[in-house]
Amino acid sequence: MRCLSCQSLSFKIICTQCQDELLKPSFYKRELSKDFFVYSFYKYAEVNELLNTKYEFYGDRVYNILASLSFAEFAKNFQYENSITAIAIDDHTRHDFSHTAILTRHLKSTYIIPKYDLLKVQNQIKYAGKNLEFRKKNKRNFIYKGEKHCQVILVDDIITTGSTLLEAKEILEKNNCEVLFALSISDANI
Ligand SMILES: [Zn+2]
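When we follow our numbering, the leftmost residue of the sequence shown carries the number 85, and every step to the right adds one.
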């Protein structure tokens with residue numbers, strides 16, 4: 085097959101050279117609300133096309149590579165005083181995989197326990213290209229089915245206005261959970 089990124093022949097869907105050179109993660113930080121930060125690993129332009137593979141049947145292979153280069157490295161270096169839960173934003177599946185569940189799975193460590201199918205949106209309306217006002221009027225209406233009183237890392241693939249993450253944080257807080265921070269592959273503002 086050919087590397088999705090550079091088109092050279094490769095046994096992997098993204099060749100080793102592209103993984104090493106183009107997909108070396110950085111560490112960006114955005115404050116979404118007071119003292120609530122989302123950390124991301126790539127500039128939007130660097131991974132935009134790769135992230136769009138979530139709509140393709142081979143997207144799970146791309147997400148597994150991106151997550152192993154970024155989320156898994158983050159988890160390796162992350163320590164905390166007790167174990168905490170990682171929860172994917174709306175990990176519904178399409179093409180037999182959930183892209184946010186793949187990201188979350190790569191966070192598994194001594195300190196981080198990934199959990200699935202806990203946070204679902206009831207409103208599947210598309211936010212792409214819509215402004216903040218539209219997003220505020222058309223809320224995601226999350227349902228949370230997990231434990232109460234836990235400490236949580238929220239996981240998503242792209243952050244744009246941040247309204248989805250803030251809404252997810254709100255529903256978790258209503259369930260007496262503490263959202264420590266959020267992780268995203270990419271921040272559309274960077
Ligand atoms: Zn390549």
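Glycine residues also receive a C-beta, built at the ideal position from the N, C-alpha and C atoms.
Check whether the Cβ of ILE98 lies closer than 7 Å to any heavy atom of ligand 1, and answer yes or no.
-> yes
Starting from THR248 and walking both ways along the alpha helix (DSSP H), at which residues does that stretch end?
-> 247-258
What residue range is occupied by the uninterrupted beta strand (DSSP E) comprising LEU264?
-> 262-271
With 16 as the cutoff for other CB atoms within 10 Å, does LYS138 come out buried or exposed?
-> buried
Indicate the three-state DSSP secondary structure (helix, strand or coil) for LYS127 in the structure shown.
-> strand
Residues near GLN163 in its chain [Cβ-Cβ closer than 7 Å; skip 5 each side] = TYR195
Going by beta carbon distance, what residues of the same chain come within less than 7 Å of LEU153, once the five residues before and after it are set aside?
-> GLN103, LEU107 and PRO109
When the Cα atoms are used, what is the spatial distance from MET85 to LEU93?
-> 6 Å
Limits of the alpha helix (DSSP H) - the one that GLU115 falls within = No alpha helix (DSSP H) contains GLU115, which is instead part of the beta strand (DSSP E) from 112-117.
How many angstroms separate the CA atom of GLU215 from the CA atom of PRO198?
-> Here residue 215 is Asn; the residue named in the question, Glu, does not match the sequence. Between ASN215 and PRO198, the C-alpha separation is close to 31 Å.
Meets three-Cβ-pair contact criterion under 8 Å: the region 142-150 and the region 222-240 = no
May I ask which residues mark the beginning and end of the beta strand (DSSP E) holding GLN235?
-> 235-243
CA-CA distance, LYS192 and ALA159?
-> 7 Å
Check each candidate in LEU134, ILE168, TYR112 and ILE243 and name the one with the smallest Cα separation from ASN88.
-> Note that residue 88 corresponds to Leu in the displayed sequence, not to Asn. LEU88 has its Cα closest to that of LEU134, out of LEU134, ILE168, TYR112 and ILE243.
Which class does LEU187 belong to by DSSP, given the choice of helix, strand or coil?
-> helix
Identify, in the order they occur along the chain, each residue of the same chain with its Cβ nearer than 8 Å to the Cβ of ILE97, setting aside the five sequence neighbours on each side.
-> MET85, CYS87, LEU88, TYR142, ARG145, VAL146 and ILE149
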